[in-house]
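Numbering-wise (the working numbering), the sequence shown opens with residue 209 and increments by one.
Note that the Cβ used here is the ideal one computed from N, Cα and C, for glycine as well.
Below is one structure; the comments refer to it alone.
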Amino acid sequence: MTATTADAPPPGLRLPRRRGTELVLLVGAVLISVYGYIDVGLARQNAVPGDTVSYGAGLGALALLGHLAVRFRAPYADPLLLPIAVLLNGLGLVLIFRLDLETPRNQAAPTQLVWSALGVGLFAAVVLLLRDHRVLQRYAYVSVAAGLALMIVPIFFPAVNGAKIWIRVAGFSFQPGEFAKILLTVFFAAYLAANRNALTHAGRRMWRYQFPTGRVLGPILTIWLISVGVLVLERDLGTSLLFFGVFVVLLYVATGRTGWIAMGLLLAAAGAAAVGSLEPHVHSRVSDWLHPFASIDAGRGAGQLAQSLFAFAAGGMLGTGLGEGHSALIGFAMKSDFILATFGEELGLVGLTVLLLLYALLVARGYRAGLALRDPFGRLLAVGLASLLAIQVFVIAGGVMGLIPLTGMAMPFLAQGGSSVVTNWIIVALLIRISDSARRPAPAAAETGVIAAAHPGGGRSGASSGPYGEEDTPYRSGYGFGPGDGRERER
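Below, the structure is given as structure tokens:
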């Protein structure tokens, strides 16, 4: 179905690529990060850090690499995604450098910069090599097999801080679960895109609710239960909550039924109650959440959560200033789980609000890219990837602020953690590839520089959607993950 006259853009309107806007924003992101780096040096050492130029040049080179990859391979991509990621990554490096001054024998900033460089390198590789996001549909079952394997391997390694989520070999360590979350999101999106009609219209109806058949819901429910069960065995409740949230969100988006949200909340509450009462490690975190000042009353001093709450309170509206806080009181997790407390103390409520708005904008642009697409897999994949970031920010911020029990995950781009920063860059690369597909004009319009009278999501409709259009898509064979059954044409 072609777009109506009201839906079509005005004739002769050229589609803006906005790569110049992206470059200007990238320069601003790098300058803000360098200014923060200098501010920390002046506050703590009364001098500009000697490696400021190398830090600025390194971050600028990474930003330029990402920009060139987007400019040449995804010229129609959203111009805000890459600058926001660079700014968040730069601020994270500044905070880790500031916290390194509290631990002279444990310097994390240089290693984090190396991981950031690897993340940007993989970002560029994904943008350059992945020509169309729908190719990932072919590898749905490969993705779920690899994701589950990555989640199972850490069970055979020793626990670190009560959780078996690390693989340590010859001094090198990483969290395979960080990569598994992307692979499982690809599988969820592909499976739900192929079976959304059966999930919505087939099955038994009980009272006012219709439940899908076991043949349709069984496979994806089994995969989800296995993944959550493995994470519970590893005592990684943060990632299990993340997978559960993404699973419920994608079910809701695929079916449009709010009942899945209600059922998800009930299951989450029941699971949290069961695990919290049976697992000692989780039970202690719930107790700390309910009684954050119990250790003070017992004369043992403030625990990490209490110190985090004190840090937010000390920051007030404008903060104490970069380098002027007392982050060392938080303890060993100040560079990872509790790095947000340092941000809140030294930049105050205003800075914390700006940070959360940056995350919200990054997530919103991811959702926007998905909404502009015609193919169900792309929509679900974009929503799933953006939800990964949104749920992760909510869980971490809620934990360190005392709103929910602490779960132990890394704040995207901000906290110390090589696996986390690398996977977050891959997520941004996939969102950029999806947004480029959503904003790219139809082939005929691209040749003339004029937008065709078509759907706002890139002019794709029917057979006119190019080599991977709905009429000639290669995904109607193999695993059966087709881009749709034509229901989007009716809308």
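- Counting along the chain, Phe280 sits inside the alpha helix (DSSP H) bounded by residues Thr260 to Arg281.
- Fewer than three beta-carbon pairs drawn from the region 257-274 and the region 619-627 are found closer than 8 Å, and the two stretches are therefore not classed as touching.
- Per DSSP, the unbroken alpha helix (DSSP H) holding Met359 starts and ends at Ala348 to Ile360.
- Under the three-state reduction of DSSP output, Phe365 falls in the coil class, being neither helix nor strand.
- If you look at Gln515, you'll find it in the alpha helix (DSSP H) that goes Gln512 to Gly523.
- Phe382 is bridged by DSSP to Ile375.
- The Cβ atoms of Ile538 and Ala519 lie closer than 8 Å to each other.
- Residue Ala522 holds the alpha-carbon nearest to the alpha-carbon of Gly552 among Tyr567, Ala568 and Ala522.
- For Leu638, the closest of Val232, Ile246, Arg313 and Arg339 by C-alpha to C-alpha distance is Arg339.
- About 5 Å separates the beta carbons of Tyr245 and Val302, which is inside the 8 Å limit, making them a contact pair.
- The residue from Gly559, Ala594 and Ala514 with its alpha-carbon nearest to that of Gly529 is Gly559.
- Assignment of Arg226 by DSSP, reduced to helix, strand and coil, places it in the coil class.
- With respect to Ile375, Ser381 sits close: the two C-beta atoms are nearer than 8 Å.
- Remark: C-beta atoms of Gly355 and Thr447 do not approach each other more closely than 8 Å.
- Pro488 counts as exposed, since fewer than 16 other C-beta atoms from the protein chains shown sit within 10 angstroms of its C-beta.
- Between the beta-carbon of Ala317 and that of Gly531 there is about 14 Å, and that puts the pair past the 8 Å contact cut.
- Around the beta carbon of Leu526, fewer than 16 other beta carbons sit within 10 angstroms, so the residue counts as exposed.
- Two segments are said to touch when three or more pairs of C-beta atoms, one from each, lie closer than 8 Å; by this definition the region 581-600 does not touch the region 492-506.
- Counting C-beta atoms within 10 angstroms of its own C-beta, Pro224 has fewer than 16 neighbours from the protein chains shown and is therefore classed as exposed.
- With at least 16 other beta carbons inside 10 angstroms of its own, Arg306 counts as buried.
- For Asn403, the secondary structure class from DSSP, reduced to helix, strand or coil, is helix.
- The beta carbons of Leu400 and Ala462 sit about 4 Å from each other, so the pair counts as a contact at 8 Å.
- CA-to-CA, the gap between Ala398 and Ser535 works out to about 44 Å.
- The continuous alpha helix (DSSP H) containing Gln600 extends over residues Pro584 to Val608.
- Under the 10 Å beta carbon count, Gln253 is surrounded by fewer than 16 other beta carbons and is classified as exposed.
- For Ala618, no alpha helix (DSSP H) segment is defined, and its DSSP state is neither H nor E.
- Residue burial annotation: Ile635 is buried, with at least 16 other C-beta atoms found within 10 angstroms of its C-beta.
- When C-alpha distances from Val328 are compared across Ser628, Ser645, Ala285 and Ala353, the shortest belongs to Ser628.
- Val456 and Leu358 have their C-alpha atoms roughly 22 Å apart.
- By the CB criterion at 8 Å, Arg342 and Asp496 fall outside the cutoff.
- Close CB contacts of Leu473 within its chain, under the 6 Å cut and outside five residues either way in sequence, are absent.
- In the structure shown, Ser628 falls within a helical segment according to DSSP collapsed to helix, strand and coil.
- Going by DSSP, Leu569 is part of the alpha helix (DSSP H) stretching over Ile547 to Leu579.
- Taken atom to atom, the span from the alpha-carbon of Ala353 to that of Ile434 is near 11 Å.
- In the structure shown, the three-state DSSP call for Met542 is coil.
- Contact between Asp545 and Leu614 is confirmed by a C-beta separation of about 7 Å, below the 8 Å threshold.
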